[in-house]
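As given, the protein sequences belong to chains A and B, one line each in that order.
Just so we're aligned, residue -19 is where the first sequence starts under our numbering, counting upward by one.
Just so we're aligned, residue 110 is where the second sequence starts under our numbering, counting upward by one.
To keep things clear, I will list the structure first and then write my remarks on it.
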Amino acid sequence: MSEALQNEILPLEIEELTFEAGGKRLIKEVTHKFRAGPRTVILGPNGAGKSLLLRLCHGLLKPASGKIRWCGAAADDPARHQAMVFQRPVMLRRTVAANIDYALSLRGMDRDARKVRVEKMLESTGLSRLANSPARVLSFGEQQKLALARAWAVKPRVLFLDEPTASLDPAATHAIEDVIDAIHKAGTRIIMTTHDLGQARRIADEVLFMHRGRLLESSPADAFFERPEDEQARAFIHGELLWWDQPETRLQ
Amino acid sequence: MNDFSSAFTAALSLLASGDADLAEIIALSLQVSLGAVFIATCIGMPLGAATALYKFPGRRTVVVILNALMGLPPVVVGLIVYLLLSRMGPFGVLGLLFTPTAMVFAQVILIVPIIAALSRQIVEDLWREYDEQLRSLGAGPLRCMATLLWDGRFSLLTAVLAGFGRASAEVGAVMIVGGNIDHVTRVMTTSIALEVSKGNLAMALGLGMVLIVLSLAINGSAFLLKESGLRKHA
Ligand SMILES: Nc1ncnc2c1ncn2[C@@H]1O[C@H](COP(=O)(O)OP(=O)(O)OP(=O)(O)O)[C@@H](O)[C@H]1O
Ligand SMILES: [Mg+2]
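Encoded structure:
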């Protein structure tokens, strides 16, 4: 078996997934199957539950009910084969290189192999000249790149990205998208959220549309952008869906 | 006032002369307090971090006890350690009473709660920030603790300093378990108390000045270290 197949944890099946916090039901009966291959972009207005869904899938939150099932050959230890970049990445109080090295050491990689891998990651993300800077003084965009590099370094099969380019300038956004593209081409399954419709069009193979904790539509990207089935998805694409709108009244 | 200025001059000349007794007392003081701080840090920091990170049975009790123990009167600690180490006590056979080891022991008890309680607060705050990120990276409980202690190192210096401040300033515990024996267990604070009672104000004031200068120097350098570290790693 090839390395990729041995490490395969996909497909990921989520079934009737529900999450509650603070007495509120924030994710409501979400069912979906993430197959190996395509890039998934989760769209939806603020507060739709996108970040919560990613964290549930990544195993950081426990669902109130429903199932999260990894079905691949390496599914007995799915945590080892996934990584996540948070909406607000946390940099450890160490240098840039040490941040990546830390992630690798947690995967039990030996020192020499780590060194090579760290350098490769820094190069691929254009951070080489910052290798020895303290990570927390980097600009926001540089920190996003570092977060990507750190997550990618462990060669995850699945990479969750929560708004990886929020509040970045166009050039930085472009750079990050290039890195995401490289990660995808290297065989890592991308599951991400974004508010940037242009970015969704550029990246997505598959689109999930969420609103108020529900998954309202999942379609191939082309179909989604051409003729979304869900009325609110249509409104969202046209920039007309506001999170404070009452979906019930809209539909009537 | 006259008393003070003459004592002050005498103290300065005593210091300048490099009095051997004085040097011995200062050295022993540092040895005892720094030793106690070192040991208490090794115990208190992991203890504080563990109470911040892990949900174990009795955790809240530990937290309450640690906080309550922060304000222990040194003389009471001294008394308890005295009872433990006295010939009739459970550890009497060790023959530790009136030795520097006993003084270190008493000071460790005195400052472990301080270092643990302050560390707990610092680690808890850091954990709130790091929690999901570390779990996502795949860090287990022990690794999380090590990471938080390391990443909190500059803030944690404050906890160590607080411990050192208390250890170097207290007189009650070392007096009782050390006995203030000349050339054996005489440290700065106990000998200040003794010299004052003997009316030897020059020696007392000289020691007092050294104590303050040492404390300033140690706190000052730790402060600079902490500031530069925090600035660097934001
Ligand atoms: N721990 C929590 N307790 C209570 N409510 C929460 C908690 N976490 C999230 N929420 C709520 O759940 C909803 C969904 O949050 P989530 O962060 O998933 O939104 P999102 O789709 O990622 O939004 P954005 O696009 O703004 O990032 C929000 O209304 C948020 O206020
Ligand atoms: Mg979000």
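Cβ atoms here follow ideal geometry from the backbone N, Cα and C, with glycine treated the same way.
Computed from a predicted model, the values in this text were never measured in an experiment.
Judged by DSSP in its simplified three-state form, E99 of chain A adopts helix.
By the CB criterion at 8 Å, L205 of chain B and L192 of chain B fall outside the cutoff. One alpha carbon belongs to Q67 of chain A, the other to V190 of chain B, and they sit about 53 Å apart.
Nearest in C-alpha terms to T20 of chain A, of all of A:L139, A:G3, A:L41, is A:L139. Listed in chain order, the non-local C-beta contacts of F204 of chain A below 6 Å within the same chain comprise V187, local neighbours out to five positions each way being set aside.
Between A59 of chain A and G247 of chain B, the alpha-carbon positions lie close to 7 Å from each other.
Among the residues facing chain A, S245 of chain B is included, as its CB has a counterpart in that chain under 8 Å away. In this structure, E(-5) of chain A sits away from K42 of chain A, with a CB-CB distance that is not shorter than 8 Å. Not one beta carbon of chain A lies nearer than 8 Å to the beta carbon of R237 of chain B. Of A:R15, A:E0, A:A16, A:E157, the smallest CA-CA separation from E9 of chain A is found for A:E0. In summary, the residues of the region 47 to 76 of chain A whose CB is separated from some CB of chain B by less than 8 Å are A59, R60, A63, M64, F66, P69, V70, L72, R73, R74, in the order they occur in the chain. Within the region 249 to 263 of chain B, G249, R252, T256, W259, D260, G261, R262, F263 place their CB atoms closer than 9 Å to a CB of chain A, listed in sequence order. Put simply, the CB of A343 of chain B is near chain A, with a gap under 8 Å to one of its CB atoms. If you check each beta-carbon in the region 101 to 121 of chain A against every beta-carbon of chain B, the ones closer than 7 Å belong to P114, R116, V117.
Residue selection by CB proximity (closer than 5 Å to any heavy atom of ligand 1) returns A:A1, A:G2, A:L6, A:N26, A:G27, A:A28, A:G29, A:K30, A:S31, A:L32 in chain order.
With a beta-carbon spacing of about 6 Å, L126 of chain A and A115 of chain A fall inside the 8 Å limit used to define contacts.
Nearest to K135 of chain A by alpha-carbon distance, out of A:I80, A:A184, A:G178, is A:I80. With a cut-off of 8 Å on Cβ pairs, the region 126 to 136 of chain B is not in contact with the region 221 to 229 of chain B, counting fewer than three such pairs. Here Y82 of chain A is buried, its C-beta having at least 16 other C-beta atoms within 10 Å. As summarised for the region -6 to 64 of chain A, the continuous beta strand (DSSP E) elements at least 3 residues long and confined to that stretch are 4 to 14, 20 to 23, 45 to 50, given in chain order. Annotated as proximal: Q124 of chain A and L148 of chain A, with beta-carbon spacing under 8 Å.
At least one heavy atom of ligand 2 is found less than 7 Å from the C-beta of D142 of chain A.
Rounded to whole angstroms, the Cβ separation of R244 of chain B and L40 of chain A is 6 Å, and the two are in contact under 8 Å. Within the same chain, and ignoring the five residues on either side of R87 of chain A in sequence, the residues whose Cβ sits closer than 6 Å to its Cβ are V134.
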